[in-house]
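Data block below; observations after.
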Amino acid sequence: MTALVDVLRFVVGPDHVLTDADMRAGYETDWLRQWHGETPCVVRPGTSEEVAGVLRACAAAGVAVVPQGGNTGLVGGSVPRNGAVLLSLQRFNRLGPVDPLAMQVTAGAGVTIEALQLRARAAGLDFAVDWGARATATVGGAVNTNAGGARVVRFGTMRAQVMGLEAVLADGSVLSQLGGLPKETAGPHLPSLLVGSEGTLAVVTAARLRLVPWYRSTAAALVACDSLVHAVSLLPRLRQLPSLDAVELLMPEALSIACAHLGVAAPLSPDGAGAFVLIDCAAHLDPTDELAELLADVQGVLAVGPQRDLLLRIRDHVTIAIGARGVPLKLDVAVPVQHLDRLLRRTQAAVPAGAELVVFGHLAEGNLHINVLGAGAAAADVRAAVLLAAIELDGTISAEHGIGVAKTDWLERLKGPEAMRALRAIKDALDPTGLLNPGVLLPPPSTPTAFT
Ligand code: MLT
Ligand code: ZN
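Residues in the sequence shown are numbered consecutively from 95, following my numbering.
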């Protein structure tokens with residue numbers, strides 16, 4: 095390892111190879127203290143050529159590489175394991191000028207989502223993908239997990255924003271496809287192959303991203319529903335709103351703990367309600383009236399200006415509020431919206447007495463974030479029950495967080511053997527020695543897939 099560290103120092107400069115335990119610590123544990131691992135060194139290249147040098151050096155030494163962006167992932171995909179070198183993309187923080195003709199921008203993998211949004215807004219545009227960890231989460235991480243967030247109902251996931259990528263392959267070759275042409279049928283779109291690949295196929299160093307109009311007139315509403323079924327029944331009407339930007343679900347316990355964490359009064363009393371829907375609208379012209387019309391026959395509060403900001407802040411803080419109560423069992427599943435209630439019931443039935451269940455998510459996509467605090471020894475059974483329910487209800491075991499190391503044992507059950515063979519063939523072709531993020535997304539080849 096000492097020899098490898100020396101080579102890495104030569105490749106990226108001595109200041110960018112961190113071996114002291116204190117310096118490594120922030121890279122070894124994820125933001126919610128859910129995942130932890132150790133690395134002999136953190137290497138922080140600043141160019142694609144340096145990434146290529148790092149990969150070649152690690153390949154020659156037979157040491158694996160774990161790429162890391164903001165480390166805000168929730169499935170352990172960017173935390174080092176088994177003596178791997180941690181490759182941080184933090185120094186890829188270059189943001190190109192906004193191209194107003196194409197409505198695109200090129201961003202380094204280490205640019206935060208918030209910085210990207212601010213840059214786009216300074217040019218009168220916006221970046222569509224948004225979620226609570228925006229100040230820390232990075233473009234590279236968002237590409238690698240196909241991040242979703244709150245505005246998918248309007249603009250799609252990260253996949254829909256990626257027009258091109260620059261990435262370094264395991265053999266050290268640099269694939270640069272940053273042209274961003276909206277139409278091109280010259281074979282498969284390689285950048286799309288890398289979206290959602292969780293650092294297992296290449297190290298993404300930059301992305302050419304689609305921008306969207308910046309809708310400055312906004313209005314939000316929080317609606318109290320009798321039940322999750324009632325909440326789902328609002329969707330057809332909501333989808334008709336031209337200004338619809340987000341439809342978020344907060345089960346009463348999620349609303350309560352987020353408000354308590356922030357020290358604010360709940361905008362609507364969580365007592366007696368079955369579910370809350372947070373609707374956010376944004377347009378060039380004030381959307382307040384169209385939202386108010388909708389609210390005429392439901393129980394809810396309209397929020398504009400600072401009241402809207404507060405609603406969004408409450409929603410953004412659910413994850414942090416859960417984290418402040420302990421380390422939860424965390425599952426990110428999605429089913430067709432008509433099956434959401436069945437998913438919730440099966441989840442509730444699996445949670446042991448005394449454990450705390452906190453559910454919230456993205457209603458329009460049928461995406462529930464299921465958090466269980468204090469499950470103790472029952473955690474494995476709860477996990478299995480929820481993932482099985484998601485699959486049996488025609489859904490998925492991961493809607494936006496990725497598979498990471500958390501769910502590799504369930505991937506084949508979801509995808510089937512044919513898809514797994516195809517995924518393995520792609521991995522073997524691009525990374526034949528298993529240099530990149532081994533153990534993430536695909537189970538290590540020697541590990542039998544657990545069908546529990
Ligand atoms: C969110 O929607 O807030 C994120 O996906 C984070 C989470 O699931 O906790
Ligand atoms: Zn989410």
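Every residue, glycine too, gets a C-beta built ideally from N, C-alpha and C. Predicted model only: the values in this text are computed from it and were never measured.
Counting along the chain, where does the beta strand (DSSP E) carrying residue i start and finish?
| i | result |
| --- | --- |
| Leu181 | 179–182 |
| Ile464 | 461–467 |
| Phe249 | Element bounds for Phe249: not the beta strand (DSSP E) but the alpha helix (DSSP H), 246–249. |
| His456 | 450–456 |
| Ala301 | 296–304 |
| Thr490 | From DSSP, Thr490 is part of no beta strand (DSSP E); its letter is neither H nor E. |
| Asp426 | 423–428 |
| Thr200 | 198–202 |
| Ser270 | 268–271 |
| Thr413 | Thr413 -> not in any beta strand (DSSP E); alpha helix (DSSP H) instead, spanning 412–419. |
| Ala261 | 256–263 |
Just to confirm, are residue i and residue j a CB contact at a threshold of 8 Å?
| i | j | result |
| --- | --- | --- |
| Glu208 | Pro174 | no |
| Leu189 | Arg213 | yes |
| Val169 | Val452 | no |
| Gly202 | Asp224 | no |
| Leu425 | Pro307 | no |
| Leu517 | Leu529 | no |
| Val159 | Gly234 | no |
| His324 | Gly368 | yes |
| Gly250 | Leu272 | no |
| Leu181 | Val148 | yes |
| Leu303 | Ala296 | no |
| Gly357 | Gly171 | no |
| Gly41 | Ala146 | Summary: the structure shown does not reach residue 41, with the chain confined to residues 95 through 546, and so no result is reported for it. |
| Ala313 | Pro381 | yes |
| Leu396 | Leu404 | no |
| Val137 | Val101 | no |
| Ala415 | Ala352 | yes |
| Thr239 | Gly496 | yes |
| Leu457 | Leu343 | yes |
| Gly204 | Leu183 | yes |
| Arg477 | Leu434 | no |
For residue i, does the count of other Cβ atoms within 10 angstroms reach 16, so buried, or fall short, so exposed?
| i | result |
| --- | --- |
| Gln432 | exposed |
| Val445 | buried |
| Gly448 | exposed |
| Phe370 | buried |
| Phe104 | exposed |
| Arg402 | buried |
| Glu512 | exposed |
| Glu494 | buried |
| Asn176 | exposed |
| Lys501 | buried |
| Arg409 | buried |
| Gly281 | exposed |
| Met95 | exposed |
| Glu144 | buried |
| Met117 | exposed |
| Gly120 | exposed |
| Ser363 | exposed |
| Pro538 | exposed |
| Pro276 | exposed |
| Ser286 | exposed |
| Ala471 | exposed |
Please list the terminal residues of the continuous alpha helix (DSSP H) segment that includes residue i.
| i | result |
| --- | --- |
| Met117 | 115–122 |
| Val105 | 96–106 |
| Glu512 | 511–524 |
| Ala386 | 382–389 |
| Gly234 | 233–239 |
| Ser337 | Premise fails: Ser337 is in no alpha helix (DSSP H) and is neither H nor E. |
| Gln37 | Here the chain covers residues 95 to 546 and nothing more, so residue 37 does not appear. |
| Val323 | 322–327 |
| Asp374 | Careful: Asp374 lies outside any alpha helix (DSSP H), inside the beta strand (DSSP E) at 369–377. |
| Leu349 | 346–356 |
| Ser311 | Segment 311–319 is the beta strand (DSSP E) holding Ser311; no alpha helix (DSSP H) there. |
| Ala397 | Element bounds for Ala397: not the alpha helix (DSSP H) but the beta strand (DSSP E), 393–397. |
| Val209 | Inspection of the sequence shows that residue 209 is occupied by Ala rather than by Val. Residues 207–216. |
| Pro285 | 284–288 |
Contact criterion: CB-CB distance below 8 Å. Does residue i meet it with respect to chain B?
| i | result |
| --- | --- |
| Thr527 | In the displayed structure, chain B is absent; only one protein chain is listed. |
Is there at least one non-hydrogen atom of the ligand PLP closer than 7 Å to the beta-carbon of residue i?
| i | result |
| --- | --- |
| His411 | No copy of the ligand PLP occurs in the structure displayed; its ligands are the ligand MLT and the ligand ZN alone. |
Got a list of residues with beta-carbon closer than 5 Å to any non-hydrogen atom of the ligand MLT, in chain order? Gly226, Thr413, His463
Taking the runs of the beta strand (DSSP E) that are 3 residues or longer, which of them lie wholly in the segment 132–194? 159–162, 179–182
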